[in-house]
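Just below is one structure, and these are the notes that go with it.
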Amino acid sequence: MTIKRIFSDMDGTLLNSEGRVSSENSKAIRDAQIPLTLVSARAPMEMREAIEALQLTGPQVGFNGGLIYQIVDGKVKPLHIDILPRKTAQTILQAVRQHFPQISVSYYDMTNWYCDRIDEGIRLEFNITRQAPTLTNEADFLAAKDNTFKIMMIALDNDELLALEKYLQALDLGEVSILRSGQYHLEITSKTAKKSKGIAYILKKEGLDKSQTAAFGDGHNDIPMFEMVGYPIV
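For what it's worth, this note's numbering labels the leading residue of the sequence shown as 6, then goes sequentially.
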């Protein structure tokens, strides 16, 4: 069966140690002439450099499936969205700030990354993605946005991150998904935001059979993606 679309994670898979697509990989992917969809926990602005390097024009999946989109005339065109309810986002932000003030917390809408202080977690993420956050005052930050796609917590101490994860799970916020994304990151998205859902949307839209697809990934959150394709590659 001919492969007609490839899905790929970014961090730890497609990107090199500098967080970029190498020129060799970029050329190989373009020369293969098989449509590629990036499937990532990243925001669109953090995916744009790779999209441009690979000259991708089709649908992409960000925020672990919370946003399916295309870049059209240099702008993000949403095809499907799953956001966090604003009240839920407020509850999470305020609880983390009150009970884990030492942990870095920030969040994303479709086009911006928000924080209310520059701490070691924000600096770490900046070094990974080379994207600058939008700095707001604490009151506005804790009020959240109507279109929050992802809340991100970063802690360099693993015990702190485990304690935070346990605390958030105990809040029993039924409409959210809480996932580790890398050694230092804990990310919260809508419960309906799944990589597998993004892939299912694209398969249906393009009339593709599972056997006509392949996927590359390296993390626990890639398992649902692997289950959706004919050829999973770790």
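For glycine and all other residues, C-beta sits at the position ideal for the given N, C-alpha and C.
Taking the Cα positions, Ile56 is about 15 Å away from Arg135.
Leu41: member of the beta strand (DSSP E) spanning Leu41 to Leu43, first to last residue.
With at least 16 other beta carbons inside 10 angstroms of its own, Arg47 counts as buried. For the options Ile183, Gln188, Gln99 and Pro90, the alpha carbon positioned closest to that of Glu143 is the one of Gln99. Per the Cβ contact rule, the stretch 56-68 is in contact with the stretch 21-34 (3 or more Cβ pairs under 8 Å). Per DSSP, the continuous alpha helix (DSSP H) segment holding Leu167 begins and ends at Asn163 to Ala175.
Taking the C-beta atoms as reference points, Val44 is found no nearer than 9 Å to Val26. The stretch 75-84 and the stretch 149-160 do not touch, with fewer than three beta-carbon pairs separated by less than 8 Å. With distances taken between CA atoms, Lys9 lies nearest to Ala219 out of Phe146, Ala219, Glu54 and Leu161.
Between the C-alpha atoms of Ala198 and Pro229 there is a straight-line separation of about 12 Å. Under the DSSP assignment, Pro237 falls in the beta strand (DSSP E) whose first and last residues are Tyr236 to Ile238. Remark: C-beta atoms of Ser182 and Lys171 do not approach each other more closely than 9 Å. When the beta-carbon positions are compared, Val234 and Asp223 stay at least 9 Å from each other. Ranked by Cα distance from Arg185, the first of Glu165, Gly203, Ile204 and Leu176 is Glu165.
The C-alpha of Leu147 is placed about 9 Å away from the C-alpha of Thr96.
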